[in-house]
Structures are given as structure tokens and as C-alpha cells.
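Novice: Residue numbers 165 to 320, in the working numbering, belong to the letters of the sequence shown in order.
First the structure, which I've put down as C-alpha cells, then a few questions once you've had a look.
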Amino acid sequence: MSNDEIILTPEGLRSLELELEELKTVKRKELASRIKTAISYGDLKENSEYHSAKEEQGFMETRVMTIERMLKKARVVTNLDTSKVQVGSTVVLNDVEFAEKIEYKIVGSSEANVNENKISYESPLGVSLMNKKVGDKISVNAPMGVISYELLEIRI
């Protein structure tokens, strides 16, 4: 995988496309309206409404450019199978020490979200899981020490 590529699942691609559409249509109009209203208040030097809206507009335009750049470099993972772990796989692991099952979806770094149990293939656990098969043992160096897992299941 090239360093320039942005690896995405089909869901991640769709999410970015929807966010971009929302920013370019709805958010731009909302901010333009806020700026217009703030300008009508008069003196722009002391107009906190205007400065706040302009700052938000800057952040939004930066996000638009970031998403557009990501989409140009995107490679969407397809042709998944369940014989080995790859980007797009959902894995069920057994934490050997605590005998508890944990489920993660392996995604590109731009989609990673621990709260949704989506981990990057570039994370320590993600790297350890790539190309593993059901029944394989995985050890991951973590700040608290080595954590051992057994790969119980691979799903798409």
C-alpha cells in the first residue's frame, strides 16, 4: 500500500462523500447567511458574531479541501474474503488474559474510531492482525505490557 493512498472501506468512502456534500451545500449556505447577518450588525472590528462565523468558515473550507484530497487519493478495498484478516474485515478476538470476546472492524486510518470499535490497520493491533487466520494467536505490545489474543472469527 502506497504512502500516498488513503485506504477506505466502501462505508468510509460513502461517509466522506456525504460529509463533503453536506459541507458544500448546507453548511456553506448556513455560514454565508450567518456572515451576512453579522455584517448587518455594523462595525466588523468589534463584531464577535462576524469573527466567529468567519473562523468557522475557515475551518469548514479546510475540511472541504482535506476531504477532496483524500477522495483523490482513495483506494477502496473490495474483493474481501474471510480466509485472512484484511482492511474491511470484522474480527472477533478472545482476550487470553481476561477470557472475553472483543470485536473490531479493520479500517483505514481516516476511518478509525475506537468508540465504534473501528481500528486502523496501521495501529499496533491492526498491524498484528493483518493477514492472520482464524485460530492464530496474536501478541500486541501495549503501554501496560503484552496483550495476547486468539483470532476466533473473521467476517466481512
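Even for Gly, the Cβ is constructed at its ideal location relative to N, Cα and C.
Report the partner residues of residue 239 according to the DSSP bridge assignment.
Specialist: Along the sequence shown, one-based indexing puts residue 239 at 75. For residue 239, which the question treats as bridged, DSSP gives the partners 171.
Novice: Residue 171 to residue 318, Cα distance in whole Å?
Specialist: Here residue 171 corresponds to residue number 7 of the sequence shown, with the count starting at 1. Here residue 318 corresponds to residue number 154 of the sequence shown, with the count starting at 1. Just so you know, the alpha carbons of residue 171 and residue 318 end up roughly 19 angstroms apart.
Novice: Alpha helix (DSSP H) containing residue 315: first to last residue?
Specialist: As a position in the sequence shown, residue 315 is number 151, starting the count at 1. Premise fails: residue 315 lies in the beta strand (DSSP E), 309-319, not in any alpha helix (DSSP H).
Novice: Could you compute how far the alpha carbon of residue 165 sits from the alpha carbon of residue 238?
Specialist: Taking the first residue of the sequence shown as 1, we reach residue 165 at position 1. Taking the first residue of the sequence shown as 1, we reach residue 238 at position 74. With a pLDDT of 48 at residue 165, under the threshold of 50, the predicted position of this residue should be treated as unreliable, and no value is reported.
Novice: Can you pull the DSSP bridge partners for residue 254?
Specialist: Along the sequence shown, one-based indexing puts residue 254 at 90. Residue 254 has 269 and 319 as its beta-bridge partners, per DSSP.
Novice: Quick one, are the C-beta atoms of residue 248 and residue 296 less than 8 angstroms apart?
Specialist: What you label residue 248 is simply residue 84 of the sequence shown in a count that begins at 1. What you label residue 296 is simply residue 132 of the sequence shown in a count that begins at 1. Closer than 8 angstroms, so yes.
Novice: Just the C-alpha distance for residue 217 and residue 246, rounded to the nearest angstrom, thanks.
Specialist: Within the sequence shown, residue 217 is the residue found at index 53, counting from 1. Within the sequence shown, residue 246 is the residue found at index 82, counting from 1. Residue 217 and residue 246: Cα-Cα distance of roughly 48 angstroms.
Novice: Measuring CA to CA, which of 273, 299 and 279 is closest to residue 287?
Specialist: Indexing the sequence shown from 1 puts residue 287 at position 123. The shortest C-alpha separation from residue 287 is found at 273.
Novice: How big is the Cα-Cα spacing for residue 261 and residue 298?
Specialist: If you number the sequence shown from 1, residue 261 lands on position 97. If you number the sequence shown from 1, residue 298 lands on position 134. Distance between residue 261 and residue 298, taken at the CA atoms: about 19 angstroms.
Novice: Determine the direct distance from the alpha carbon of residue 275 to that of residue 283, and round the result to whole angstroms.
Specialist: Taking the first residue of the sequence shown as position 1, residue 283 is located at position 119. Taking the first residue of the sequence shown as position 1, residue 275 is located at position 111. So the alpha carbons of these two residues sit roughly 8 angstroms apart.
Novice: Using 8 angstroms as the threshold, is the region 187-202 in touch with the region 218-225, meaning 3 or more CB pairs across them?
Specialist: yes
Novice: For residue 312, which residues of its own chain have a beta-carbon under 6 angstroms away from its beta-carbon, when the five flanking residues on both sides are left out?
Specialist: Your numbering for residue 312 matches position 148 in the sequence shown. Close CB contacts of residue 312 within its chain, under the 6 angstroms cut and outside five residues either way in sequence, are with 260 and 303 (chain order).
Novice: May I ask you to report which of helix, strand or coil DSSP gives residue 264?
Specialist: Locating residue 264 in the sequence shown gives position 100, where the first residue counts as 1. Three-state result, residue 264: strand.
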